[in-house]
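What follows is a short report on a single structure.
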Amino acid sequence: MTEHNNVQTLNQFIIERQSDHPGAKGELSRLLHHVEIAAKIVNRAVNKAGLVDILGEHGDQNVQGEDQQKLDVFADTHFIDALRASGECAAVASEENEDIIIFEDEMCKNGKYVFCMDPLDGSSNIDVNVSIGTIFSIFERITPRGQVANMEDFLQEGTKQVAAGYIIYGSSTMLVYTTGNGVNGFTLDPSIGEFCLSHPNIKTPKSGTIYSINEGNYINFPQGVKKYIKYCQEKDARSKRPFTSRYIGSLVADFHRNLLKGGIFIYPQTNKNPDGKLRLMYECNPVAFIAEQAGGMATDGNGRIMEITPDSLHQRVPFYTGSTNMVKKTEEFLHFFNNI
223 MTEHNNVQTL NQFIIERQSD HPGAKGELSR LLHHVEIAAK IVNRAVNKAG
273 LVDILGEHGD QNVQGEDQQK LDVFADTHFI DALRASGECA AVASEENEDI
323 IIFEDEMCKN GKYVFCMDPL DGSSNIDVNV SIGTIFSIFE RITPRGQVAN
373 MEDFLQEGTK QVAAGYIIYG SSTMLVYTTG NGVNGFTLDP SIGEFCLSHP
423 NIKTPKSGTI YSINEGNYIN FPQGVKKYIK YCQEKDARSK RPFTSRYIGS
473 LVADFHRNLL KGGIFIYPQT NKNPDGKLRL MYECNPVAFI AEQAGGMATD
523 GNGRIMEITP DSLHQRVPFY TGSTNMVKKT EEFLHFFNNI
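Printed below as a string of structure tokens:
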């Protein structure tokens with residue numbers, strides 16, 4: 223990293239980019255600043271996870287029927303607290319909560335935005351020291367400011383997102399986000415306690431050599447996905463095949479690698495999960511927004527992820543995202559083999 227006096231911090235960058243949203247009047251900037259605060263708190267807890275009593279299962283299940291990890295609950299609580307404190311957020315939807323969390327104090331009722339999040343993606347990896355992350359999506363509310371927010375504010379197409387991002391807690395901690403004007407990545411410099419611009423204007427390669435899918439579920443995949451996997455494994459010098467299989471099991475970590483290096487992430491429908499497993503509102507939509515802003519694609523196999531009209535808060539969809547040429551090739555296989 224460059225000398226500190228040449229580094230642009232996340233806070234400086236956000237303030238300088240306020241002009242991208244002239245109608246925001248600094249409200250989105252303040253909200254993103256509080257996201258940054260929560261990310262630092264969770265990062266500190268992740269890095270101390272082996273030293274304090276924060277590893278392991280919490281003893282409850284979330285609305286998805288998945289065992290909650292202690293750090294899941296910690297991350298959920300601290301992000302909600304930070305969002306409430308911002309005064310710019312009227313309500314939150316979280317993977318960890320069945321219903322939306324509505325802030326009813328006067329300041330938050332006047333908040334312009336609602337916030338969707340997976341507070342700790344890949345949390346089953348916590349105990350084995352594998353990268354995990356936070357995914358978030360921000361919408362302008364539909365209900366009038368000054369009133370209590372409701373579900374209508376959340377069930378919007380992904381094209382209506384005003385910002386989306388993720389934080390990856392790994393060998394270094396990064397925050398990657400977009401407000402619809404490109405994608406920028408910031409790495410946490412622990413010596414000064416600030417996220418600093420490290421990956422300006424991220425562009426994902428049009429093609430890549432990595433495919434990311436849980437091949438342990440192969441027998442349950444649609445025929446088109448099975449055929450695409452075999453295509454990835456064939457030898458062909460012109461298209462640089464065979465491709466490399468890389469799957470961490472944490473959406474943030476798998477997507478982040480492919481975003482920078484080029485590749486495709488696939489989580490299709492299966493016999494067990496005919497609608498897919500990943501959640502549209504706080505996993506697929508924000509990742510799709512980032513993918514598109516970096517020059518990539520995101521689809522459910524039939525159409526653009528961000529054009530899906532959600533019908534429920536925890537709706538699941540099949541998910542294919544990454545380098546444009548690879549996603550298009552996958553769609554070709556899906557359309558051909560699933561229609562014969």
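Taking my numbering, the leading residue of the sequence shown gets 223, the next gets one more, and so forth. The C-beta atom is built at its ideal place from N, Cα and C for all residues, glycine as well.
> Near Lys550, which residues of its chain fall below 8 Å by C-beta distance, leaving aside the five closest residues on each side in sequence?
Replying inline: What you label residue 550 is simply residue 328 of the sequence shown in a count that begins at 1. Taken in chain order, the residues that qualify are Met519.
> To which residues does DSSP link Leu556 through a beta bridge?
Replying inline: For this step, residue 556 is matched to residue 334 along the sequence shown. None; Leu556 has no bridge partner.
> Since Glu416 sits in a beta bridge, which residues does DSSP pair it with?
Replying inline: Along the sequence shown, one-based indexing puts residue 416 at 194. For Glu416, which the question treats as bridged, DSSP gives the partners Asp411.
>> What would DSSP say about His255, mapped onto helix, strand or coil?
In response: Position 33 of the sequence shown holds residue 255. If DSSP states are grouped into helix, strand and coil, His255 belongs with the helices.
> In the DSSP assignment, what are the bridge partners of Met339?
Replying inline: Your numbering for residue 339 matches position 117 in the sequence shown. Its beta-bridge partners are Ser316, Phe358.
> Can at least three beta-carbon pairs, one atom from the region 245–263 and one from the region 394–412, be found at a separation below 8 Å?
Replying inline: yes
>> Which residues does DSSP list as the beta-bridge partners of Gln383?
In response: The residue you call residue 383 lines up with position 161 of the sequence shown. Per DSSP, Phe361.
> Taking the alpha carbon of Asp343 as the point to measure from, which residue in Pro508, His256, Ile441 has its own alpha carbon closest?
Replying inline: Looking up residue 343 in the sequence shown gives position 121. With distances taken between Cα atoms, Asp343 lies closest to Pro508.
>> Could you compute how far the alpha carbon of Cys418 sits from the alpha carbon of Pro412?
In response: For the purposes of this step, residue 418 is identified with residue 196 of the sequence shown, where counting begins at 1. For the purposes of this step, residue 412 is identified with residue 190 of the sequence shown, where counting begins at 1. Whole-angstrom Cα-Cα distance: 10 Å.
> Quick one: what's got a C-beta closer than 7 Å to Cys330's C-beta in the same chain, skipping five residues either side?
Replying inline: What you label residue 330 is simply residue 108 of the sequence shown in a count that begins at 1. Excluding positions up to five away in sequence, the list reads Arg306, Gly309, Cys311, Ala312.
> In chain order, what residues of the same chain lie with their CB nearer than 7 Å to the CB of Phe443, ignoring the 5 residues before and after it?
Replying inline: By 1-based counting over the sequence shown, the position of residue 443 is 221. Here the set comprises Pro490, Thr492.
> Per DSSP, Ala520 is paired with what?
Replying inline: The residue labelled residue 520 in the question sits at position 298 within the sequence shown. Bridge partners of Ala520: Thr543.
> Roughly how many whole angstroms lie between the Cα atoms of Lys165 and Pro427?
Replying inline: As displayed, the chain neither begins before 223 nor continues past 562, which places residue 165 out of reach and without an answer.
>> For the pair the region 521–531 and the region 361–375, tell me if three or more CB-CB distances fall below 8 Å.
In response: no
> Exposed or buried, Val295, counting other C-beta atoms within 10 Å across all chains shown (16 or more means buried)?
Replying inline: Numbered from its first residue, the sequence shown carries residue 295 at position 73. With 16 or more other Cβ atoms within 10 Å, it is buried.
> How long is the line joining the alpha carbons of Glu362 and Ile324, rounded to whole angstroms?
Replying inline: As a first step, residue 362 is located in the sequence shown; it is residue number 140 there, counting from the start. As a first step, residue 324 is located in the sequence shown; it is residue number 102 there, counting from the start. Going by the C-alpha atoms only, they are around 15 Å apart.
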